[in-house]
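A.B. asks:
Number of protein chains: 2
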Amino acid sequence: MPRTTIADVAKVAGVSKATVSRVLNGNYEYMKPRTRIRVEEAIDKLGYRPSNVARSLTSNRTSTVAILVSDVGNPFYADVIHGVEDEAFKKNYDVFLCNTNYDLNRGLAFIRSLIDKRVEGVMIMSSRMSDLWLAELNRNNVPAVVLDWEVKAMGADVSTIGVNYAIGIQAAVDHFIALGHQRFIHVSGPLHLQTARDRRDAFWSALARHGIPVESVPVIEGDLQIEGGRQAIKTIAKLSPQPTAVFAANDLTAMGIIAGARAQGIEVPRDLSVVGLDNIWLAEQADPPLTTVNLPRYEIGQLAIQMLFDLLDSSSERPSTPVRREVTTSLVVRQSTAAAPQ
Amino acid sequence: MPRTTIADVAKVAGVSKATVSRVLNGNYEYMKPRTRIRVEEAIDKLGYRPSNVARSLTSNRTSTVAILVSDVGNPFYADVIHGVEDEAFKKNYDVFLCNTNYDLNRGLAFIRSLIDKRVEGVMIMSSRMSDLWLAELNRNNVPAVVLDWEVKAMGADVSTIGVNYAIGIQAAVDHFIALGHQRFIHVSGPLHLQTARDRRDAFWSALARHGIPVESVPVIEGDLQIEGGRQAIKTIAKLSPQPTAVFAANDLTAMGIIAGARAQGIEVPRDLSVVGLDNIWLAEQADPPLTTVNLPRYEIGQLAIQMLFDLLDSSSERPSTPVRREVTTSLVVRQSTAAAPQ
DNA sequence: TTGAAAGCGCTAACAT
DNA sequence: ATGTTAGCGCTTTCAA
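Chains A and B supply the protein sequences, listed in that same order.
Take the first sequence: its position 140, counting from 1, is numbered 142 in our numbering, and each next residue is one higher.
Take the second sequence: its position 243, counting from 1, is numbered 245 in our numbering, and each next residue is one higher.
(1) At a CB-CB cut-off below 8 Å, which residues of chain B make contact with R141(A)?
(2) Does the Cβ-Cβ distance between I228(B) and L254(B) come in under 8 Å?
(3) Between which two residues does the alpha helix (DSSP H) harbouring A20(B) extend?
(4) Is the Cβ of Q308(B) closer than 8 Å to any Cβ of chain A?
(5) With distances taken Cα to Cα, identify the nearest neighbour of S190(A) among L106(A), A256(A) and S58(A).
(6) Just to confirm, is the Cβ distance from D273(B) to P343(B) under 8 Å?
(7) If I'm right that A80(B) touches V74(A) with Cβ under 8 Å, what's the distance once you round it to whole angstroms?
(8) Contact check, V71(A) vs M127(A) under 8 Å by CB: the rounded distance?
(9) Who are R326(A)'s beta bridge partners in DSSP?
(10) Across the region 203-213 of chain B and the region 231-241 of chain B, are there enough close Cβ pairs to call them in contact, namely three or more that are closer than 8 Å?
(11) Give the DSSP-derived three-state secondary structure of M131(A) in the structure shown.
(12) What are the boundary residues of the alpha helix (DSSP H) that includes A15(A)?
(13) Kindly provide the ranges of any alpha helix (DSSP H) runs that are 4 or more residues long and lie completely inside the region 253-300 of chain A, ordered along the chain.
(14) Could you check how far apart the C-beta atoms of I222(B) and I187(B) are, in whole angstroms? I think they sit under 8 Å.
(15) Compute the Euclidean distance between the alpha carbons of V325(B) and D280(A), then round it to the nearest angstrom.
(16) Check each residue of the region 69-80 of chain B: if its Cβ is closer than 9 Å to any Cβ of chain A, include it; give the result in chain order.
(17) Roughly how many whole angstroms lie between the Cα atoms of L59(A) and V55(B)?
(18) Would the region 9-26 of chain B and the region 38-53 of chain B be scored as touching if the rule is three or more Cβ pairs under 8 Å?
(19) Please report the straight-line C-alpha distance between V219(A) and A174(A), rounded to a whole angstrom.
(20) For E87(A), which of Y104(A), F249(A), R38(A) and E301(A) has the nearest alpha-carbon?
(21) Would you tell me roughly how many angstroms separate the C-alpha atoms of P290(A) and V270(A), rounded to the nearest one?
(22) Would you say A9(A) faces chain B, with C-beta separation under 8 Å as the test?
(23) Spell out whether any CB of chain A is found under 8 Å from the CB atom of L99(B).
(24) Which bits of chain B does R120(A) rub up against, with CB to CB less than 8 Å?
(25) Give a yes or no on whether the minimum CB-CB distance between Q287(A) and chain B is below 8 Å.
(26) Does DSSP put S61(B) in a helix, in a strand, or in coil?
(27) Kindly indicate which three-state DSSP category H194(A) falls into: helix, strand or coil?
(28) Ignore the nearest five residues each way along the sequence and tell me which others in N166(A)'s own chain have a CB closer than 8 Å to its CB.
(29) In terms of alpha-carbon separation, which member of A247(A), V160(A) and K236(A) lies closest to D312(A)?
(30) Taking 8 Å as the threshold (C-beta atoms), are G303(B) and I83(B) in contact?
(31) Counting along the chain, where does the beta strand (DSSP E) carrying V148(B) start and finish?
(32) Which residues in the same chain as V335(A) place their Cβ atom closer than 6 Å to its Cβ, once the five residues preceding and following it in sequence are excluded?
(33) So with CB distances below 8 Å, who are the chain B contacts of S58(A)?
(34) Applying the 10 Å Cβ sphere with the 16-neighbour rule, what's the burial state of A429(B)?
(35) The beta strand (DSSP E) with T66(B) in it runs from where to where?
(36) Strictly below 7 Å CB to CB, what residues from chain A border E229(B)?
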């Protein structure tokens with residue numbers, strides 16, 4: 003049998019559809035209290051739930067947004083999504099989750115589908131993405147917020163979020179220096195990734211501020227996984243003179259370094275200080291607990307959807323106010339760093 | 003300016019809306035090729051995208067489903083969601099992700115919102131849930147698939163997925179026995195959780211099959227975290243006689259046990275064999291790589307949405323065919339288990 | 001204070 | 001081979 007509609011409610015309550023619609027939308031200003039009550043009773047009795055698809059058709063609002071990520075499995079995204087979700091829930095929005103699986107075409111297919119479903123806005127956090135996506139959204143007047151992407155201005159409603167690695171990494175280097183370290187090394191991510199280069203460069207700049215020549219700081223390219231750290235430490239162990247401080251591109255790499263070091267008889271932090279980046283939940287549980295540069299993932303999620311909502315608000319009136327914002331990183335000192343060995 | 007609609011396309015192509023609709027839906031059977039081309043050109047020219055909200059209104063189909071989880075951050079869900087997503091994408095469905103945050107009311111609010119948006123079906127994987135949710139869905143004829151929940155039959159379109167821990171855990175025990183182990187211990191999850199009790203009981207039963215008296219097998223209650231494992235091993239180390247084989251309720255616990263054991267001078271697997279459960283991605287990278295009972299998370303996701311699609315198909319015709327299916331666990335042997343010490 | 005009617009963008013009978 | 005028309009379930013003037 004068909005769902006119960008506003009007409010059914012109207013009939014049961016003995017009023018017109020318009021009146022039911024009014025109570026649905028809280029426009030009781032001129033309504034006789036009696037009427038309102040009759041309508042509400044009818045609604046309860048029938049267990050009526052208004053159809054948002056019909057509502058959307060007239061109102062042009064769907065209370066729906068979407069987030070595109072490369073891979074939900076990546077813990078980075080899990081926290082971001084959490085932040086998005088919480089904010090969305092407060093505003094009664096629902097969130098489509100789209101996994102691009104690092105596939106540009108798949109992402110575009112999602113974008114098209116989302117446009118067809120008339121989502122009000124999209125957050126793009128996929129590490130691989132394409133300007134085509136933004137062009138498509140733009141053509142359809144769907145605002146977007148993107149993470150870490152240089153947007154060629156196209157008159158689009160596109161706000162961006164940048165991550166300031168410099169601050170947290172500078173703090174890490176200051177911390178190293180304060181502990182008396184002088185010989186450094188970096189285990190990076192795959193250097194074809196922009197973020198890997200950003201992190202490395204930030205490390206170099208931070209060292210330069212302390213007068214440490216960049217040429218004296220070797221970089222070993224890792225894979226952002228534990229295994230990469232394990233491999234890296236083998237190379238490090240052969241270096242002479244031995245570095246006493248290593249900055250890893252992420253926490254997993256740092257954990258691999260620590261595990262591998264132990265296997266080589268190098269003890270962290272006694273013989274070697276290690277700093278990671280991310281502050282994943284595991285960092286705290288590691289042995290020793292990891293000193294690391296915190297990346298505020300949950301906040302990125304919150305910020306993203308808030309910026310999206312701003313775009314939605316403004317796009318109805320003013321031309322639009324795309325914006326660029328930065329989130330900042332910071333150092334979390336735990337026990338994988340200590341005074342430099344003599 | 004307003005979006006371009008089917009009427010705009012019709013005007014530009016010089017045909018009626020019906021004709022446009024036909025090409026949109028691929029009903030060209032009786033259509034003059036010329037006409038079709040004109041329409042397609044008009045669509046391209048205008049960059050027209052049909053509104054799925056309007057389509058949904060007539061078709062009563064939204065191509066949208068939802069998944070409720072307690073917490074996206076939990077890696078268990080990440081993989082499940084991945085499985086769901088991939089299948090959904092194939093069928094051109096979009097997926098609403100809802101984080102209940104272990105809050106029953108929040109979950110109910112989501113359910114209501116989803117009903118209003120006319121999602122075609124819902125997957126419930128929240129570890130805390132309520133029959134109210136199902137009742138609400140049922141009243142609105144929205145089919146559901148739930149994980150690990152005894153559904154009081156209510157004539158609803160509710161299929162369920164169960165996890166058969168027994169098989170994998172039995173394999174683990176068989177493996178222990180084959181390696182000559184005789185003294186066992188279990189580090190469980192919090193025993194107020196059903197799954198924690200299920201896993202413990204499965205372990206006991208498996209041992210019983212080998213004639214090992216359950217009374218001889220102590221259980222230490224952990225917290226499913228690394229720290230719980232670390233604590234547990236301290237207790238274990240004081241036991242006499244020392245157990246040689248420990249089954250942990252999950253991989254994190256197992257990793258904590260291994261880390262804690264090392265700190266006590268107990269070496270895994272030489273002195274102690276350890277088996278985890280979950281087969282999280284970290285298990286493989288652990289040191290030593292962890293022998294564990296695999297929980298097929300991705301497959302659970304795939305299965306869930308497939309079962310949901312089945313429900314959608316059948317609910318249009320036959321009364322409906324709710325179903326119960328089981329996924330099975332299996333042992334993955336790595337290097338945290340070895341022959342029992344003499 | 002409430003109702004009638006038109007319209008949101010599309011689909012599907014029914015005509016032609 | 002294509003057009004006309006009547007909804008789908010709701011909101012929103014405009015009247016009364």
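No residue lacks a Cβ here, since even glycine has one placed at the ideal position from N, Cα and C.
Bear in mind that the values here come from a model prediction, so they are computed numbers and not experimental data.
C.D. replies: Reading from the atomic positions:
(1) Residue numbering aside, residue 141(A) sits at position 139 when the first sequence is read from its first letter. Residues of chain B passing the Cβ test: G49.
(2) On the second sequence, position 226 is the one that residue 228(B) refers to. On the second sequence, position 252 is the one that residue 254(B) refers to. Taking 8 Å as the Cβ cut-off, I228(B) and L254(B) qualify as a contacting pair.
(3) Locating residue 20(B) in the second sequence gives position 18, where the first residue counts as 1. Under the DSSP assignment, A20(B) falls in the alpha helix (DSSP H) whose first and last residues are K19 to L26.
(4) Counting from one through the second sequence, the residue named residue 308(B) turns up at place 306. By the rule that beta-carbons nearer than 8 Å mark a contact, Q308(B) does not touch chain A.
(5) For this step, residue 190(A) is matched to residue 188 along the first sequence. Closest in C-alpha terms to S190(A), from the list L106(A), A256(A) and S58(A), comes A256(A).
(6) Position 271 of the second sequence, counted from the first residue, corresponds to residue 273(B). Position 341 of the second sequence, counted from the first residue, corresponds to residue 343(B). A contact, by the Cβ cut-off of 8 Å.
(7) Looking up residue 80(B) in the second sequence gives position 78. Looking up residue 74(A) in the first sequence gives position 72. With 8 Å as the limit, A80(B) and V74(A) qualify as a contact, their Cβ atoms being about 5 Å apart.
(8) Position 69 of the first sequence holds residue 71(A). Position 125 of the first sequence holds residue 127(A). Yes, V71(A) and M127(A) are in contact; Cβ-Cβ is about 5 Å, under 8 Å.
(9) As a working note, residue 326(A) is residue 324 in the first sequence. Answer is T162(A), bridged to R326(A).
(10) With the cut-off at 8 Å, the region 203-213 of chain B and the region 231-241 of chain B do not touch.
(11) As a working mapping, residue 131(A) is identified with position 129 in the first sequence. Here M131(A) sits in coil by DSSP.
(12) By one-based count along the first sequence, residue 15(A) stands at place 13. I8 to A15 is the extent of the alpha helix (DSSP H) around A15(A).
(13) If only uninterrupted alpha helix (DSSP H) runs of at least 4 residues are considered, those enclosed by the region 253-300 of chain A are 253-265 and 283-287.
(14) Within the second sequence, residue 222(B) is the residue found at index 220, counting from 1. Within the second sequence, residue 187(B) is the residue found at index 185, counting from 1. I222(B) to I187(B), Cβ: 7 Å. Contact.
(15) Stepping through the second sequence from its first residue, residue 325(B) is reached at position 323. Stepping through the first sequence from its first residue, residue 280(A) is reached at position 278. Here the alpha carbon of V325(B) sits roughly 43 Å from the alpha carbon of D280(A).
(16) For the region 69-80 of chain B, the set of residues with a beta-carbon nearer than 9 Å to any beta-carbon of chain A comprises I69, D73, V74, G75, N76, P77, Y79 and A80, in chain order.
(17) To locate residue 59(A), count along the first sequence from 1; it is residue 57. To locate residue 55(B), count along the second sequence from 1; it is residue 53. Their Cα atoms are separated by approximately 6 Å.
(18) Judged by Cβ distances under 8 Å, the region 9-26 of chain B makes contact with the region 38-53 of chain B, as three or more pairs qualify.
(19) Counted from its first residue, the first sequence places residue 219(A) at position 217. Counted from its first residue, the first sequence places residue 174(A) at position 172. The C-alpha of V219(A) lies about 15 Å from the C-alpha of A174(A).
(20) As a first step, residue 87(A) is located in the first sequence; it is residue number 85 there, counting from the start. Out of Y104(A), F249(A), R38(A) and E301(A), E301(A) has the C-alpha closest to the C-alpha of E87(A).
(21) What you label residue 290(A) is simply residue 288 of the first sequence in a count that begins at 1. What you label residue 270(A) is simply residue 268 of the first sequence in a count that begins at 1. So the alpha carbons of these two residues sit roughly 8 Å apart.
(22) As a working mapping, residue 9(A) is identified with position 7 in the first sequence. For A9(A), the answer is no, since every Cβ of chain B falls outside 8 Å of its Cβ.
(23) What you label residue 99(B) is simply residue 97 of the second sequence in a count that begins at 1. Chain A, which has a Cβ nearer than 8 Å to the Cβ of L99(B), makes this yes.
(24) Translated into positions along the first sequence, residue 120(A) becomes position 118. In chain order: S53, N54 and V55.
(25) Stepping through the first sequence from its first residue, residue 287(A) is reached at position 285. Between Q287(A) and chain B, the shortest Cβ-Cβ separation is below 8 Å.
(26) On the second sequence, residue 61(B) is found 59 positions in, with the first residue counted as 1. It is helical.
(27) Within the first sequence, numbered from 1, the residue matching residue 194(A) stands at position 192. The answer is coil: DSSP assigns H194(A) none of H, G, I, E or B.
(28) Residue numbering aside, residue 166(A) sits at position 164 when the first sequence is read from its first letter. Sequence-distant Cβ neighbours of N166(A) in its own chain, meaning closer than 8 Å and more than five residues away, are E328, V329, T330 and T331.
(29) Looking up residue 312(A) in the first sequence gives position 310. Cα-wise, what sits closest to D312(A) is V160(A).
(30) By one-based count along the second sequence, residue 83(B) stands at place 81. By one-based count along the second sequence, residue 303(B) stands at place 301. For the pair I83(B) and G303(B), the CB atoms are nearer than the 8 Å cut-off.
(31) Counting from one through the second sequence, the residue named residue 148(B) turns up at place 146. Taken as a continuous stretch (DSSP letters only), the beta strand (DSSP E) holding V148(B) covers A146 to L149.
(32) As a working mapping, residue 335(A) is identified with position 333 in the first sequence. Correct list, in chain order: T293.
(33) If you number the first sequence from 1, residue 58(A) lands on position 56. Here the neighbours are V55.
(34) Since the first residue shown for chain B is 3 and the last is 344, residue 429(B) is missing from the structure and cannot be characterised.
(35) By 1-based counting over the second sequence, the position of residue 66(B) is 64. T66(B) -> beta strand (DSSP E) spans T66 to V71.
(36) By 1-based counting over the second sequence, the position of residue 229(B) is 227. Within 7 Å Cβ-Cβ: Q287.
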